[in-house]
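A.B. asks:
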Amino acid sequence: MNIAGEFSFNKGAAYLAKNHQNLLDEIYGIITRVDAAPCKTKTSREKTMPGKMLYSPFALNRAFKAEFKALGWNNCKVACAYPIKFYKPGYNAEPLAKGAFREMDFVKEKLGIEVQFGKYAFMVYNVCAKMTIFHKLGHIDAGIEIVPIKRFADQMSTGVSYFEQFVWDLQHRGVSDIDIPVLIIGIDP
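Right, dumping it as structure tokens:
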């Protein structure tokens, strides 16, 4: 994989250069070692591109997971105890599902990584909610979101979001006082 672009959200690039340069270099190495070619395994059944071979997000995630795990990066899972005290009086609430959790793809030395080849809402959720929650819980101080650029996303199923769209939205959203430093990395095979 190639690193096609970077966007520093809430001074993410400067924070990482100062506090996690060794991990950032490690992540750059991981990205360049991931070979996307074997991940082009999905035959499209979509009306707009029937029969076209596409990159499989599942296969891409598996390739990234192997590289991150080999260097000691682990996922971080947090159990969720959902409150029921906010139901209206008299509402007959069903017991909430046990085993609910939130999970971050990779964490090492308080740096959180999300690799996202999904819908747009997941990218926004990762940076603007999940990373903030994991920071508040003491698991991370900063984050990195690895996403495809538009040209790469166009070679996946329709609806996969991409770097350029995500950056535009973050620029126009602005930074909130609860946001943590995050580096958005756009990749291309």
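In the working numbering, the protein residues as written are 1 to 189. Cβ coordinates follow ideal geometry from the N, Cα and C atoms, glycine included. None of these values were measured; they are calculated from a predicted model.
#1: Excluding the 5 residues preceding and the 5 following Lys130 in the sequence, name in chain order all residues of the same chain whose CB lies nearer than 8 Å to its CB.
#2: Between the alpha carbons of Thr41 and Asn61, how many angstroms are there, rounded?
#3: Per DSSP, which residues does Thr43 bridge with? Please list them.
#4: Using a Cβ-Cβ cutoff of less than 6 Å, which residues in the same chain neighbour Leu170 once the five nearest sequence positions on both sides are dropped?
#5: Only counting the same chain, and skipping five residues up and downstream in sequence, which positions put a Cβ closer than 8 Å to that of Asp53?
#6: Assign Ala81 to one of three DSSP states: helix, strand, or coil.
#7: Look at the alpha carbon of Asp177 and the alpha carbon of Met49, and state the distance between them as a whole number of angstroms.
#8: So, with DSSP's three-state summary, where would you put Ile187?
#9: Where do the N-terminal and C-terminal ends of the beta strand (DSSP E) with Gly29 fall, by residue?
#10: Considering only their Cβ atoms, is the gap separating Ile185 from Ile144 smaller than 9 Å?
#11: Expressed to the nearest angstrom, what Euclidean distance is found between the alpha-carbon atoms of Gly138 and Gly99?
#12: Assuming contact is defined by CB atoms lying nearer than 9 Å, are Ser157 and Met123 in contact in what I supplied?
#13: By how many angstroms is the C-alpha of Ile187 removed from the C-alpha of Val147?
#14: Provide the residue span of the beta strand (DSSP E) that contains Ile149, from first to last.
#15: Leaving out five residues on either side along the sequence, give the residues of the same chain with a beta carbon under 8 Å from the beta carbon of Lys119.
#16: Mind checking who Phe122 pairs with in its DSSP beta bridge?
#17: Would you say Tyr15 touches the ligand HEM, meaning its beta carbon is less than 8 Å from a heavy atom?
C.D. replies: From the atom records:
#1: What you label residue 130 is simply residue 130 of the sequence shown in a count that begins at 1. Closer than 8 Å at Cβ, skipping near neighbours: Arg102, Met104, Glu114.
#2: By 1-based counting over the sequence shown, the position of residue 41 is 41. By 1-based counting over the sequence shown, the position of residue 61 is 61. Cα to Cα, Thr41 sits roughly 13 Å from Asn61.
#3: In the sequence shown, counting from the first residue as 1, residue 43 sits at position 43. In the DSSP output, where bridge partners are listed per residue, Thr43 has Met53.
#4: What you label residue 170 is simply residue 170 of the sequence shown in a count that begins at 1. Only Phe9 meet the Cβ criterion.
#5: Locating residue 53 in the sequence shown gives position 53, where the first residue counts as 1. Correcting the residue type first, residue 53 is Met in the shown sequence and not Asp. Correct list, in chain order: Lys40, Thr41, Lys42, Thr43, Ser44.
#6: The residue you call residue 81 lines up with position 81 of the sequence shown. DSSP places Ala81 in coil when its eight states are reduced to three.
#7: For this step, residue 177 is matched to residue 177 along the sequence shown. For this step, residue 49 is matched to residue 49 along the sequence shown. Distance between the alpha carbons of Asp177 and Met49: 43 Å.
#8: Here residue 187 is taken as the residue at index 187 of the sequence shown, counted from 1. Looking at Ile187 - three-state DSSP - the assignment turns out to be strand.
#9: Taking the first residue of the sequence shown as 1, we reach residue 29 at position 29. No beta strand (DSSP E) contains Gly29, which is instead part of the alpha helix (DSSP H) from 21-33.
#10: Counting from 1 along the sequence shown, the entry for residue 144 is found at position 144. Counting from 1 along the sequence shown, the entry for residue 185 is found at position 185. Yes, the Cβ-Cβ distance between Ile144 and Ile185 is below 9 Å.
#11: Indexing the sequence shown from 1 puts residue 138 at position 138. Indexing the sequence shown from 1 puts residue 99 at position 99. Whole-angstrom Cα-Cα distance: 21 Å.
#12: Reading the sequence shown from its first residue, position 157 is the one you call residue 157. Reading the sequence shown from its first residue, position 123 is the one you call residue 123. Against a cut-off of 9 Å, the Cβ pair of Met123 and Ser157 comes out as no contact.
#13: Taking the sequence shown and counting its residues from 1, one reaches residue 147 at position 147. Taking the sequence shown and counting its residues from 1, one reaches residue 187 at position 187. Going by the C-alpha atoms only, they are around 6 Å apart.
#14: The residue labelled residue 149 in the question sits at position 149 within the sequence shown. Segment: none, Ile149 is in no beta strand (DSSP E) and carries neither H nor E.
#15: Sequence index remark: in the sequence shown, residue 119 carries index 119 (1-based). Closer than 8 Å at the Cβ level, and outside the excluded window around Lys119, lie Gly159, Val160, Ser161.
#16: Position 122 of the sequence shown, counting from 1, holds the residue named residue 122. Paired residues: none, contrary to the question.
#17: No copy of the ligand HEM occurs in the structure displayed, which carries no ligand at all.
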